[in-house]
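In the numbering used here, the protein residues as written are 107 to 559. Data block below; observations after.
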Ligand SMILES: Cc1ncc(COP(=O)(O)O)c(C=O)c1O
């Protein structure tokens, strides 16, 4: 059989099996992975046999992310159309570095950007870069922010680095995602040098506390707000924060790794109100847009700031008038991520995307309602796709979560929300059906009742 056909048969069987398979592989299935640890052979092998080894020993050992009952890590599944487009783009083997290395990749990326700016309700003057994930999207946006605020202070950070540079005040909410702090660390801005603003019981930055803090700050400032808390799904009050930050001439950055997609669903868009006043936005396509992994998006209102931060010149590089992809990303050679994003947006259309976002949020509400009816405590206001349920004290939560994970109907992870232990349910996959929700809910409730203390 042709190799690509063989891969597609394996993949189709795999996706079909996921409907009934346990979500997290059992320990004995993971043992199978050892079968791949073959001695590196001197001679080449039959490629069909290579694929067969992966299919036989690795497929059963994978996490069932692409099915409808994986509720960990705020990650989506993969839409068949985005998977197929990803395969096609991989076959094209395009280097999305520049217009010259692939005009097709560059043009498709530009169209995808236009669609994204539209559905995410971002300012039309935005530019954007296709990166590996939200961590790198935060990094990219913050590099532009650093460039811009220091330029205003008369400092060229690209040329001089941060040695003897004017100090930048970095303001974050106390519930900042750790990857944003990592991005700050990588930019030489320090993970621990941040000014932390207290948050409310849902993890939202308190605008009154920000206002007080801003009155004592002078010089370059970057304010980082969050659209979608990784536990509660709550949004910082963007309208107020942007107003306060603007008065202090600050750059406002939004970490909207998954939450930014609320703007694409009319019934959830109220959560995203005010985000449009920011200067930069980071999000993931591999989360709620349900495209394959390693797909993050960095949007910046001021194209010059991002271009200056990512600048690269060499005699062999083009200097044309048109958008050059490498001017907007930290990476140079890279795969054509725009293709699968274009494909899924073309497939869904505005209403298909809105329906998928809304549907997953409704599934989250159903989880909360069902667990509450069964006597369990919901620790957050369920406004988006995130639910935190408590099964009692720490020991009770550990036992119930371990029971749910071992039983295998679905998969959810533990968390701690404002000192209270719980289990986090994230519904981010297009593939989750009502039946998946009811089946998972029944398993959770049954396992919790069997663990009565
Ligand atoms: C708010 C927030 N920011 C950043 C990230 C990091 O995303 P990635 O793993 O795609 O880098 C996450 C991941 O869940 C997140 O929820």
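For each residue, glycine too, the CB sits at the ideal point set by N, CA and C. Note that the coordinates shown come from a computational prediction; the quantities given were computed from them, not determined experimentally.
| task | Please go through the same chain and pick out, in chain order, the residues whose beta-carbon is closer than 6 Å to the beta-carbon of residue 388, but skip the five residues on each side of it. | result | Here residue 388 is taken as the residue at index 282 of the chain shown, counted from 1. Excluding residues within five positions, the ones whose Cβ falls inside 6 Å are 240, 243, 244, 247, 361 and 404.
| request: Return the CA-CA distance between residue 378 and residue 112, expressed in angstroms with no decimal places. | output: For the purposes of this step, residue 378 is taken as the residue at position 272 of the chain shown. For the purposes of this step, residue 112 is taken as the residue at position 6 of the chain shown. Rounded to the nearest angstrom, the two C-alpha atoms are 44 Å apart.
| Does the beta-carbon of residue 342 have 16 or more other beta-carbons within 10 angstroms, so that it is buried, or is it exposed? | For the purposes of this step, residue 342 is taken as residue 236 along the chain shown, with counting starting at 1. By the 10 Å Cβ count, residue 342 comes out buried.
| request: Note the first and the last residue of the continuous alpha helix (DSSP H) segment covering residue 112. | output: The residue you call residue 112 lines up with position 6 of the chain shown. It spans 109-123 - the alpha helix (DSSP H) in which residue 112 sits, taken as one unbroken run.
| request: Run the proximity test for residue 248: is its beta-carbon closer than 7 Å to any non-hydrogen atom belonging to ligand 1? | output: For the purposes of this step, residue 248 is taken as residue 142 along the chain shown, with counting starting at 1. Incorrect: residue 248 has no Cβ contact closer than 7 Å to ligand 1.
| said: Give me the residue from 542, 288, 354 and 315 with the minimum Cα distance to residue 469. | reply: The residue you call residue 469 lines up with position 363 of the chain shown. Per the Cα distances, 542.
| message | Would residue 264 and residue 253 qualify as a contact pair, given that the criterion is a beta-carbon distance under 8 Å? | response | Counting from 1 along the chain shown, the entry for residue 264 is found at position 158. Counting from 1 along the chain shown, the entry for residue 253 is found at position 147. Yes, these two residues count as a Cβ contact at 8 Å.
| said: One question on the structure: do residue 386 and residue 413 come within less than 8 Å of each other, judged by their Cβ atoms? | reply: As a first step, residue 386 must be located in the chain shown, where it is residue number 280. As a first step, residue 413 must be located in the chain shown, where it is residue number 307. No; because the gap between Cβ atoms is not below 8 Å, this pair is not in contact.
| Over what stretch of residues does the alpha helix (DSSP H) that includes residue 320 continue unbroken? | Position 214 of the chain shown, counted from the first residue, corresponds to residue 320. Counting along the chain, the alpha helix (DSSP H) containing residue 320 begins and ends at 313-320.
| Those runs of the alpha helix (DSSP H) which lie wholly inside the region 273-337 and span at least 4 residues | 284-292 and 313-320
| request: Flag residue 160 as yes if its beta-carbon sits less than 8 Å from any beta-carbon of chain D, otherwise no. | output: Note that chain D does not occur in the displayed structure, where there is just one protein chain.
| request: Output the distance between the C-alpha atoms of residue 471 and residue 183, rounded to the nearest integer angstrom. | output: On the chain shown, position 365 is the one that residue 471 refers to. On the chain shown, position 77 is the one that residue 183 refers to. Near 19 Å, if we compare the C-alpha coordinates of residue 183 and residue 471.
| query | Near ligand 1, which residues have their beta-carbon closer than 5 Å to a heavy atom? | reply | 180, 239, 240, 241, 283, 285, 336, 361, 363 and 390
| task | Kindly give me the distance between the Cβ atoms of residue 390 and residue 363, rounded to whole angstroms, as I take these residues to be in contact under 8 Å. | result | As a working mapping, residue 390 is identified with position 284 in the chain shown. As a working mapping, residue 363 is identified with position 257 in the chain shown. Yes, they are in contact, since the Cβ atoms of residue 390 and residue 363 sit about 5 Å apart, within 8 Å.
| said: Taking 8 Å as the threshold (C-beta atoms), are residue 249 and residue 415 in contact? | reply: Along the chain shown, read from residue 1 onward, the residue named residue 415 stands at position 309. Along the chain shown, read from residue 1 onward, the residue named residue 249 stands at position 143. For residue 415 and residue 249, yes; Cβs fall inside 8 Å.
| said: Measuring straight from C-alpha to C-alpha, what distance separates residue 230 and residue 223? | reply: By one-based count along the chain shown, residue 230 stands at place 124. By one-based count along the chain shown, residue 223 stands at place 117. Going from the Cα of residue 230 to the Cα of residue 223 covers about 7 Å.
| field | Boundaries of the alpha helix (DSSP H) in which residue 193 is found, first to last residue | value | What you label residue 193 is simply residue 87 of the chain shown in a count that begins at 1. Note, residue 193: alpha helix (DSSP H), 186-198.
| said: By DSSP's criteria, residue 341 is part of a beta bridge. Which residues make up the other side? | reply: Locating residue 341 in the chain shown gives position 235, counting from the first residue. Answer is 333.
| As assigned by DSSP and simplified to three states, the class of residue 550 | One-based indexing of the chain shown puts residue 550 at position 444. Helix, per DSSP.
| query | Does the pairing of the region 474-481 with the region 507-521 give three or more beta-carbon distances under 8 Å? | reply | no
| alpha helix (DSSP H) segment containing residue 84, residue limits | Residue 84 cannot be examined here, being either before or after the span of the chain that is shown, 107 to 559.
| query | Any idea what DSSP makes of residue 518, helix, strand or coil? | reply | Translated into the one-based positions of the chain shown, residue 518 becomes position 412. Here residue 518 sits in coil by DSSP.
| message | In whole angstroms, give me the CA-to-CA distance for residue 418 and residue 397. | response | For the purposes of this step, residue 418 is identified with residue 312 of the chain shown, where counting begins at 1. For the purposes of this step, residue 397 is identified with residue 291 of the chain shown, where counting begins at 1. For residue 418 and residue 397, the distance between alpha carbons rounds to 29 Å.
| field | Straight-line gap, residue 267 to residue 550 (C-alpha atoms, nearest Å) | value | Within the chain shown, the letter at position 161 stands for residue 267. Within the chain shown, the letter at position 444 stands for residue 550. C-alpha separation (whole angstroms): 52 Å.
| message | Within the continuous alpha helix (DSSP H) that includes residue 359, where are the two ends? | response | Mapped onto the chain shown, residue 359 falls at position 253. No alpha helix (DSSP H) holds residue 359; the beta strand (DSSP E) holding it covers 357-361.
| request: Return the bridge partner residues of residue 203 from the DSSP annotation. | output: Along the chain shown, one-based indexing puts residue 203 at 97. According to DSSP, which records beta bridges pairwise, residue 203 is partnered with nothing at all.
| said: If the criterion is Cβ atoms closer than 8 Å, does the pair residue 114 and residue 450 meet it? | reply: Walking along the chain shown from the start, residue 114 turns up at place 8. Walking along the chain shown from the start, residue 450 turns up at place 344. Not in contact: residue 114 and residue 450 (Cβ atoms no closer than 8 Å).
| Roughly how many whole angstroms lie between the Cα atoms of residue 370 and residue 147? | In the chain shown, counting from the first residue as 1, residue 370 sits at position 264. In the chain shown, counting from the first residue as 1, residue 147 sits at position 41. Roughly 51 Å separates the two Cα atoms.
| task | Would you mind reading off the limits of the alpha helix (DSSP H) that contains residue 224? | result | Within the chain shown, residue 224 is the residue found at index 118, counting from 1. Taken as a continuous stretch (DSSP letters only), the alpha helix (DSSP H) holding residue 224 covers 209-225.
| In this structure, does DSSP put residue 232 in helix, strand or coil? | Within the chain shown, numbered from 1, the residue matching residue 232 stands at position 126. Looking at residue 232 - three-state DSSP - the assignment turns out to be coil, as it is neither helix nor strand.
| task | Specify, as a first and last residue, the run of the beta strand (DSSP E) that residue 387 falls within. | result | Locating residue 387 in the chain shown gives position 281, where the first residue counts as 1. It spans 386-390 - the beta strand (DSSP E) in which residue 387 sits, taken as one unbroken run.
| said: What does the alpha-carbon distance come out to for the pair residue 307 and residue 488? | reply: Translated into the one-based positions of the chain shown, residue 307 becomes position 201. Translated into the one-based positions of the chain shown, residue 488 becomes position 382. Rounded to the nearest angstrom, the two C-alpha atoms are 13 Å apart.
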